[in-house]
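Protein chains in written order, with this note's numbering: chain A, 1 to 402; chain B, 1001 to 1398. First comes the structure, then the notes that go with it.
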């Protein structure tokens, strides 16, 4: 093999997922292996038991390398959790080029200024996500060569708790694999499930995982806000367990088999049985009770996201909500999202060109990690945007179709 | 196993019921008169007027030099300082008892600051201490919830047994048409029920009763988990109704359905009409429910005041360090050949499995109980939304 072997790693609360890719010099990529292992020692995006988590990561790496038939040389790691925070930071500069035409130097200067905000002790920058440039009053994707007086840009600066981030990185580093970069889950999954059209017209991508829910808000093709709420599918299971007084396993089954995110009039009077054997120990449950418990939880979750993004910002900037992740599979979740956000919502999976085995929403983050790590980080280095090479994702389609 | 005692016990155990703070004094003021003479009642508070309101309770005013007879004004630190100032007075008041029950309404003020220290002083002489506490309603605000959580953790470290009543659960007990004041009365009522259920078998005349030594042995135990539940159902309602009521008790923690108790104390109280067949069926069903046929102590007493009702109290203790029963081997190693076609998780790895996995994952905050509270804008999002919002979830009757 002549290419570099990289791994995209997602250490979630539910599973550790790894995709192994071979990257060639011409920036093309070949996915050659993958693994999925149940996770342990991670809760709500934080490592709570290093030994357990490390064991599972090691196991997943072994399986991924065995399936690829090669050793991973470097890794890209997704990260989530409520310790992640973002700030919007705008900057402006006078255009100094000849004839008031913007030069790459002007662009570099305004970028550096926008990314130069200091953050608190114990925090570390993870992403610098650039919005469109503003040349006087015009929004421009690449201002080099345009005439104007004042060049502005705004960055969404994502930072996290340095301990939480380093613990995640150490999980991989301790397996003798170097972590090249860290990518926030919401950014990774959003770039996979949202189409270019949806990103341009504005959309809110919500990834409901097991321990956390990540979201990314696209406006005019750029991410203007991201966030993570420490609530996921496990909370829904817990609510059912407490509310219906049943054990966790039964609560999980009840959620999957009978749960829905909204109470409808037809639920009134409808019942389900816990074991359905009508013996001693079996329990009758109202469908309306199950759905009511889930509805208030998911409604609260969506309301928190709406409030974080700002209701008016959402109304003016987004035209649809895309729901992804295992927690969003509950029936009527899209209807509830529509009710809370006030615009259409749908369940979204990876694009059609991704192979069937990776099409499920559970792979959107790890696919996004590969995509974003290989082509989306260019701007982080302070380099002015240039014409991008053909996207890695485009190459996935060739490799995985059929 | 059943303990039989003489029909006329030589002397009743010296039991003390301690109210910590104004809320607990109010609860104690409602205590059933039938227990008068059997239980010493002591009230600790800094507020002189509050203590004067209950003349039948032995008042122990503390923090005189600090607060001059006034309350703590919602500041738990003042409660802590008041206890520090009068440690000798408290220790003296609580000495000489064989068992001390402490009740407190946590959330703000004196009880939150003083409960743990008073419990510690009560237990210094070696007597078992049982703390029965209520935690505030969500609508009372974020600060009381946080204060109560902190205080409860401190109490857990020093008490032999803690019975917690999360007030939010009372919404589930109430009917939607109930008056609001009934909700607060219900909180007081449940605390008293817990005390009555725990102390009752020691005090009431019974045919088979758990003596103090048995009770102490059940309370004292390292690395163990305690489950407590009490219920009242009409006599003749049947075993199924009792089981359901036990699981629906607001004191019981999630996951109790699967508890396998190493030690089980069951106290059954009737007004006198329980037949031998019913008693036998009930005891067998309860011990089977907790899978505790090896070490179950059944207390049986009668009290005409129950008026056709049956009171069943279950106190289950599960040792996490090492039980008396045969257990699964600590490590279950699954051979590679059996894993063909199965999920990757077990491949080449040892799976650790203990008998009490399910117990470890449940407690008062459900599955998130073992995790620190990570408040999101001051809200504990791990706690179910319907509980925080006080939404009643209907359950089928019968």
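C-beta atoms are modelled at their ideal positions from N, C-alpha and C, and glycine is treated no differently. Model, not experiment: these values are computed from the prediction.
> So, is the C-beta of residue 152(A) closer than 7 Å to a C-beta in chain B?
Replying inline: For the purposes of this step, residue 152(A) is identified with residue 152 of the first chain, where counting begins at 1. The beta-carbon of residue 152(A) is placed no less than 7 Å from the nearest beta-carbon of chain B.
> Leaving out five residues before and five after residue 1093(B) in sequence, what residues of the same chain have Cβ atoms less than 7 Å from its Cβ?
Replying inline: Along the second chain, read from residue 1 onward, the residue named residue 1093(B) stands at position 93. Excluding its 5 nearest sequence neighbours in each direction, residue 1093(B) has C-beta neighbours in its own chain below 7 Å: 1042 and 1060, listed in chain order.
>> Below 7 Å on C-beta distance, what does residue 239(A) contact in chain B?
In response: Position 239 of the first chain, counted from the first residue, corresponds to residue 239(A). Simply 1384, 1385 and 1386.
>> Quick check: is the beta carbon of residue 408(A) nearer than 7 Å to any beta carbon in chain B?
In response: In this structure chain A extends from 1 to 402, so residue 408(A) is not present and cannot be described.
>> Within 7 Å of any Cβ in chain A, is that where the Cβ of residue 1359(B) sits?
In response: Counted from its first residue, the second chain places residue 1359(B) at position 359. Confidence is the limiting factor: at residue 1359(B) the pLDDT is only 33, short of 50, which leaves the residue's position unreliable, though a coordinate-based value still follows. Under the 7 Å criterion on CB atoms, residue 1359(B) is classed as non-interfacial with respect to chain A.
>> Output needed in chain order: residues of the segment 1166-1190 of chain B with a Cβ under 7 Å from some Cβ in chain A.
In response: Residues passing the 7 Å Cβ filter: none.
> What residue does the beta strand (DSSP E) around residue 453(A) start on, and which one ends it?
Replying inline: With chain A covering 1 to 402 only, the question about residue 453(A) has no answer from this structure.
> Going along chain A, which residues have a C-beta under 8 Å from residue 1391(B)?
Replying inline: Translated into the one-based positions of the second chain, residue 1391(B) becomes position 391. What residue 1391(B) touches in chain A: 292 and 296.
> Going along chain B in order, which residues have a C-beta closer than 7 Å to the C-beta of residue 185(A)?
Replying inline: Mapped onto the first chain, residue 185(A) falls at position 185. Result: empty, since nearest Cβ-Cβ is about 17 Å, beyond 7 Å.
>> For residue 1097(B), would you say it is in contact with chain A, using Cβ-to-Cβ distances shorter than 7 Å as the test?
In response: As a first step, residue 1097(B) must be located in the second chain, where it is residue number 97. For residue 1097(B), no Cβ of chain A is located within less than 7 Å of the residue's own Cβ.
> Hey, residue 57(A) and residue 171(A) are a contact pair by Cβ (cut 8 Å); roughly how many whole angstroms apart?
Replying inline: The residue given as residue 57(A) occupies position 57 in the first chain. The residue given as residue 171(A) occupies position 171 in the first chain. 5 Å between Cβ atoms; contact.
> Taking a cut of 7 Å between CB atoms, which residues from the segment 193-210 of chain A lie near chain B?
Replying inline: From the segment 193-210 of chain A, no residue has a Cβ closer than 7 Å to chain B.
>> Does residue 1099(B) come out as helix, strand or coil in the three-state DSSP assignment?
In response: By one-based count along the second chain, residue 1099(B) stands at place 99. DSSP places residue 1099(B) within a strand segment (E or B) once states are collapsed to three.
> For residue 1328(B), which three-state DSSP category applies?
Replying inline: Numbered from 1 along the second chain, position 328 holds the residue referred to as residue 1328(B). Residue placement at residue 1328(B) cannot be trusted, given a pLDDT of 34 that sits under 50; what the coordinates show is reported in the next sentence. The answer is coil: DSSP assigns residue 1328(B) none of H, G, I, E or B.
> Name the DSSP beta bridge partners of residue 178(A), please?
Replying inline: Working through the first chain from its first residue, we reach residue 178(A) at position 178. Here residue 178(A) is bridged, per DSSP, to 74(A).
>> Looking at the secondary structure, which residues open and close the beta strand (DSSP E) in which residue 1044(B) lies?
In response: Within the second chain, the letter at position 44 stands for residue 1044(B). It spans 1039-1045 - the beta strand (DSSP E) in which residue 1044(B) sits, taken as one unbroken run.
> Bridge partners of residue 1314(B), per DSSP?
Replying inline: Along the second chain, read from residue 1 onward, the residue named residue 1314(B) stands at position 314. Beta-bridge pairing links residue 1314(B) to 1229(B) and 1266(B).
>> Using 7 Å as the threshold, is the C-beta distance between residue 1104(B) and residue 1133(B) below it?
In response: As a working note, residue 1104(B) is residue 104 in the second chain. As a working note, residue 1133(B) is residue 133 in the second chain. Yes, the pair counts as a contact, with Cβ atoms nearer than the cut-off.
>> Taking 7 Å as the threshold (C-beta atoms), are residue 262(A) and residue 300(A) in contact?
In response: Indexing the first chain from 1 puts residue 300(A) at position 300. Indexing the first chain from 1 puts residue 262(A) at position 262. No, these two residues do not count as a Cβ contact at 7 Å.
>> Would residue 243(A) and residue 213(A) qualify as a contact pair, given that the criterion is a beta-carbon distance under 7 Å?
In response: The count along the first chain starts at 1 and reaches residue 243(A) at position 243. The count along the first chain starts at 1 and reaches residue 213(A) at position 213. In this structure, residue 213(A) does not lie closer than 7 Å to residue 243(A) by Cβ.
>> Measuring straight from C-alpha to C-alpha, what distance separates residue 323(A) and residue 348(A)?
In response: The residue labelled residue 323(A) in the question sits at position 323 within the first chain. The residue labelled residue 348(A) in the question sits at position 348 within the first chain. Residue 323(A) and residue 348(A): Cα-Cα distance of roughly 6 Å.
>> With a threshold of 7 Å on Cβ separation, who are the neighbours of residue 1191(B) within its own chain once the five nearest residues in sequence on each side are excluded?
In response: The sequence position of residue 1191(B) within the second chain is 191, counting from 1. In its chain, beyond the 5 residues on either side, 1027, 1103, 1132, 1134 and 1165 have a beta carbon closer than 7 Å to the beta carbon of residue 1191(B).
> To the nearest angstrom, how far is it from the Cα of residue 4(A) to the Cα of residue 200(A)?
Replying inline: For the purposes of this step, residue 4(A) is identified with residue 4 of the first chain, where counting begins at 1. For the purposes of this step, residue 200(A) is identified with residue 200 of the first chain, where counting begins at 1. Going from the Cα of residue 4(A) to the Cα of residue 200(A) covers about 33 Å.
> Three-state secondary structure (DSSP) at residue 1108(B)?
Replying inline: To locate residue 1108(B), count along the second chain from 1; it is residue 108. Reduced to three states, the DSSP call for residue 1108(B) is coil.
> Between the segment 101-114 of chain A and the segment 47-57 of chain A, are three or more C-beta pairs nearer than 8 Å?
Replying inline: The segment 101-114 of chain A is not in contact with the segment 47-57 of chain A.
>> I'd like to check one pair, residue 1160(B) with residue 1137(B): are the Cβ atoms closer than 7 Å?
In response: Here residue 1137(B) refers to the residue found at position 137 of the second chain. Here residue 1160(B) refers to the residue found at position 160 of the second chain. Going by C-beta atoms, residue 1137(B) is not nearer than 7 Å to residue 1160(B).
>> Let me confirm a value: residue 44(A) is counted as buried when at least 16 other C-beta atoms fall within 10 Å, else exposed. Which label applies?
In response: As a first step, residue 44(A) is located in the first chain; it is residue number 44 there, counting from the start. Buried: at least 16 other Cβ atoms inside 10 Å.
> Okay, do the segment 323-335 of chain A and the segment 150-157 of chain A touch, 3+ Cβ pairs below 8 Å being the bar?
Replying inline: Three or more beta-carbon pairs separated by less than 8 Å are not found between the segment 323-335 of chain A and the segment 150-157 of chain A, which leaves the two stretches without contact.
>> I'd like to know whether the C-beta of residue 1405(B) is nearer than 7 Å to at least one C-beta of chain A.
In response: This structure does not reach residue 1405(B), given that chain B is present from 1001 up to 1398, and the question cannot be answered.
> Along chain B, which residues have their Cβ under 8 Å away from the Cβ of residue 57(A)?
Replying inline: To locate residue 57(A), count along the first chain from 1; it is residue 57. Chain B residues near residue 57(A): none, gap ~12 Å exceeds 8 Å.
>> Between residue 284(A) and chain B, is any beta-carbon pair separated by less than 7 Å?
In response: Stepping through the first chain from its first residue, residue 284(A) is reached at position 284. It does: the Cβ of residue 284(A) has a partner Cβ on chain B nearer than 7 Å.
>> For residue 1203(B) and residue 1230(B), I'd like the C-alpha separation in whole angstroms.
In response: Taking the second chain and counting its residues from 1, one reaches residue 1203(B) at position 203. Taking the second chain and counting its residues from 1, one reaches residue 1230(B) at position 230. Inter-residue distance for residue 1203(B) and residue 1230(B) is about 17 Å (C-alpha atoms, whole angstroms).
>> Below 8 Å, how does it come out for the segment 80-92 of chain A and the segment 65-72 of chain A: are there three or more Cβ pairs, yes or no?
In response: Verdict: no, contact absent.
> From 7(A), 14(A), 362(A) and 13(A), pick the residue whose C-alpha is nearest to that of residue 189(A); which is it?
Replying inline: Start at 1 with the first residue of the first chain, and residue 189(A) comes out as number 189. Cα-wise, what sits closest to residue 189(A) is 362(A).
>> With a threshold of 7 Å between beta-carbons, can residue 1152(B) be considered close to chain A, or not?
In response: One-based indexing of the second chain puts residue 1152(B) at position 152. Chain A contact via Cβ: absent.
> Who are the neighbours of residue 271(A) on chain B, taking C-beta pairs under 8 Å?
Replying inline: The residue given as residue 271(A) occupies position 271 in the first chain. By Cβ distance, chain B contributes 1396.
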